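Asker:
Residue numbers (our numbering): 14 to 478.
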């Protein structure tokens with residue numbers, strides 16, 4: 014959810030330059046070391062027939078590709094590339110043999126050396142769980158209405174072979190605009206889950222978030238409660254399908270989706286079960302305090318930096334709770350970020366706050382305000398259907414101890430004894446096997462979704478009668 018570098022697309026502006034040494038054109042790959050993180054970068058340098066230079070960056074571990082440079086100047090063997098929207102610049106020199114590009118990468122107030130090596134192509138990350146044919150199920154592209162009738166959602170329904178009707182699962186994604194596969198950093202968790210369940214006799218509906226890919230609506234103006242309406246629309250749609258057992262339709266939500274699933278189940282008797290995959294059990298502000306501390310600690314932050322960051326977050330959250338969305342709130346948030354930059358003790362820390370200031374618009378939103386104050390406990394107490402709650406033991410974004418305990422407590426208080434609560438050792442927020450749980454590892458891990466978690470989901474759904 015939160016990373017040290019924020020990457021964004023920039024408009025390509027061509028820059029005329031003298032005829033180039035052919036060795037400058039190519040792809041250069043290396044590792045950028047920033048604040049305890051190591052990010053693999055690939056820089057593509059090209060020249061058109063008219064002598065115009067262009068360049069683009071891939072941040073491989075952030076899943077960002079083709080970030081076009083705003084300015085490129087080449088005076089062989091010297092190269093200067095700028096990305097104005099990121100406040101970033103790479104200046105360096107290509108070796109005489111054309112096999113190396115040694116330079117300095119600057120972003121905000123910090124600069125670090127960056128050594129790049131020429132490669133023939135950027136190697137695609139290995140994703141061994143991506144489904145391969147033959148497929149013992151049918152995949153059907155579908156469209157259906159949200160409970161909000163002005164929103165039409167597009168998705169894929171996978172139906173097992175054989176005689177139905179089949180139990181069915183609606184997959185609901187985590188925060189941010191996600192497509193039907195919940196695709197991030199080369200991983201497609203929902204595609205992997207759908208394939209696994211449908212091979213075992215369970216139909217699965219996964220869909221593009223509203224305002225994303227082929228679904229209509231405004232994602233940026235929506236809150237978790239709007240997304241709950243979309244999930245409920247998916248359940249209603251499945252009830253119209255002859256292949257689906259209407260008494261065995263459930264929702265499996267990941268992260269924010271694990272917050273949405275109980276909202277729908279608490280108000281709709283059509284939901285026969287829910288699966289909370291790293292779903293919250295405590296209020297949003299408490300999750301964010303824990304999340305920010307755990308991730309920063311995993312990335313090497315000092316106790317002084319942790320305390321300073323918590324103080325800044327307290328001011329940010331207070332402003333979000335007190336003020337309405339608008340210029341006054343944005344001004345307060347920018348002032349807090351400026352204070353944070355002045356108090357920072359390292360260039361890297363100052364750069365991180367500068368990047369955070371650029372992202373103020375991402376938190377001054379209806380979604381963030383709603384998430385910050387939402388307490389899942391009353392909703393969980395109202396859930397009466399069977400519940401499976403899974404968390405990775407090394408999840409730093411929705412920490413397992415605090416959230417699983419809160420989920421169990423709320424279900425018991427509501428009189429629901431039909432639940433399974435499991436912490437899966439060694440898994441991160443995406444249910445990947447991990448060393449530290451840090452988000453910086455997500456893209457580098459080949460596994461998309463733990464087989465143990467897939468098995469737990471399958472057994473739970475098939476046991477619901």
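All residues carry an ideal CB built from backbone N, CA and C; glycine is no exception. If you're wondering where the values come from, they're calculated on a predicted model, not measured in any experiment.
#1: Using the rule of at least 16 other Cβ atoms within 10 Å of the residue's Cβ for burial, across every protein chain shown, is residue 223 buried or exposed?
#2: Taking all protein chains shown into account, do 16 or more other C-beta atoms lie within 10 angstroms of the C-beta of residue 24, making it buried, or fewer, making it exposed?
#3: What do you reckon, are the CB atoms on residue 82 and residue 96 nearer than 9 Å?
#4: So, helix, strand or coil for residue 246, using DSSP?
#5: Are the region 387 to 404 and the region 419 to 430 in contact at 8 Å, needing three or more beta carbon pairs?
#6: When burial is assigned at 16 or more other CB atoms within 10 Å of the CB, is residue 350 buried or exposed?
#7: Let me confirm a value: residue 252 is counted as buried when at least 16 other C-beta atoms fall within 10 Å, else exposed. Which label applies?
#8: Identify, in the order they occur along the chain, each residue of the same chain with its Cβ nearer than 6 Å to the Cβ of residue 195, setting aside the five sequence neighbours on each side.
#9: Helix or strand or just coil, what does DSSP make of residue 367?
#10: Residue 399 and residue 473: beta carbons closer than 9 Å?
#11: Are at least three pairs of beta-carbons, each pair with one atom in the region 210 to 227 and one in the region 163 to 179, less than 8 Å apart?
#12: What residue does the alpha helix (DSSP H) around residue 350 start on, and which one ends it?
#13: What first and last residue would you give for the alpha helix (DSSP H) that runs through residue 142?
#14: Given that a residue counts as buried once 16 or more other Cβ atoms are within 10 Å of its Cβ, and exposed if not, what is residue 261?
#15: Please return the same chain residues whose Cβ sits closer than 6 Å to the Cβ of residue 432, not counting the five positions on each side in sequence.
#16: Measure the Cβ-Cβ separation of residue 406 and residue 454 and say whether it is below 9 Å.
#17: Just to confirm the assignment, what range does the beta strand (DSSP E) spanning residue 220 have?
#18: Output the distance between the C-alpha atoms of residue 313 and residue 362, rounded to the nearest integer angstrom.
#19: Nearest CA to the CA of residue 448: which residue from 409, 114 and 380?
#20: With residue 334 as the anchor, note down where its alpha helix (DSSP H) starts and where it stops.
#21: Using 8 Å as the Cβ pair cut-off and three pairs as the minimum, do the region 130 to 148 and the region 39 to 54 touch?
#22: When the Cα atoms are used, what is the spatial distance from residue 137 to residue 75?
#23: Quick one: is residue 346 near chain C, going by C-beta distance under 9 Å?
#24: Nearest-angstrom Cα distance between residue 35 and residue 221?
#25: What does the alpha-carbon distance come out to for the pair residue 93 and residue 239?
#26: Using the C-alpha atoms, what's the distance from residue 434 back to residue 258?
#27: Would residue 386 and residue 296 be called neighbours here (beta carbons separated by less than 9 Å)?
#28: If residue 309 sits next to residue 318, beta carbons under 8 Å apart, how far is it from one beta carbon to the other, in whole angstroms?
#29: Note down the Cα distance separating residue 376 from residue 104, rounded to an integer number of angstroms.
#30: Please list the terminal residues of the continuous alpha helix (DSSP H) segment that includes residue 402.
#31: Taking DSSP as the reference, what is the three-state secondary structure of residue 79?
#32: Just the C-alpha distance for residue 72 and residue 461, rounded to the nearest angstrom, thanks.
#33: Of the residues 307, 286 and 244, which one's Cα is nearest the Cα of residue 270?
#34: Our contact map puts residue 236 next to residue 66 with C-beta atoms below 8 Å; I'd like the distance itself, whole angstroms only.
#35: Starting from residue 413, follow the alpha helix (DSSP H) in both directions and report where the run begins and ends.
#36: Taking only the alpha-carbon atoms, compute the straight-line gap between residue 300 and residue 307 and give it to the nearest angstrom.
Answerer: According to the structure data:
#1: buried
#2: Confidence at residue 24 is low in this model, with a pLDDT of 31, below 50, so its placement is unreliable and the value that follows should be read with caution. It is exposed - the Cβ of residue 24 has fewer than 16 other Cβ atoms within 10 Å.
#3: yes
#4: helix
#5: yes
#6: buried
#7: exposed
#8: 186, 202 and 203
#9: The answer is helix: DSSP assigns residue 367 an H, G or I state.
#10: yes
#11: Pairwise C-beta distances place the region 210 to 227 in contact with the region 163 to 179, as three or more of them are shorter than 8 Å.
#12: 340 to 356
#13: No alpha helix (DSSP H) contains residue 142, which DSSP labels as neither H nor E.
#14: buried
#15: 400 and 424
#16: no
#17: Counting along the chain, the unbroken beta strand (DSSP E) around residue 220 starts and ends at 216 to 220.
#18: 12 Å
#19: 409
#20: 316 to 335
#21: yes
#22: Taking the straight line joining both Cα atoms gives about 13 Å.
#23: Among the chains of the structure shown, chain C does not appear; only one protein chain is present.
#24: Residue placement at residue 35 is flagged as unreliable, the pLDDT there being 46, under the threshold of 50; the coordinate-derived value follows with that caveat. Spanning the two alpha carbons is a distance of roughly 44 Å.
#25: 46 Å
#26: 26 Å
#27: yes
#28: 7 Å
#29: 33 Å
#30: DSSP places residue 402 outside any alpha helix (DSSP H); the residue lies instead in the beta strand (DSSP E), whose first and last residues are 400 to 405.
#31: Strand, per DSSP.
#32: 19 Å
#33: 244
#34: At roughly 44 Å, the Cβ-Cβ gap does not stay under 8 Å, so residue 236 and residue 66 are not in contact.
#35: 413 to 426
#36: 10 Å
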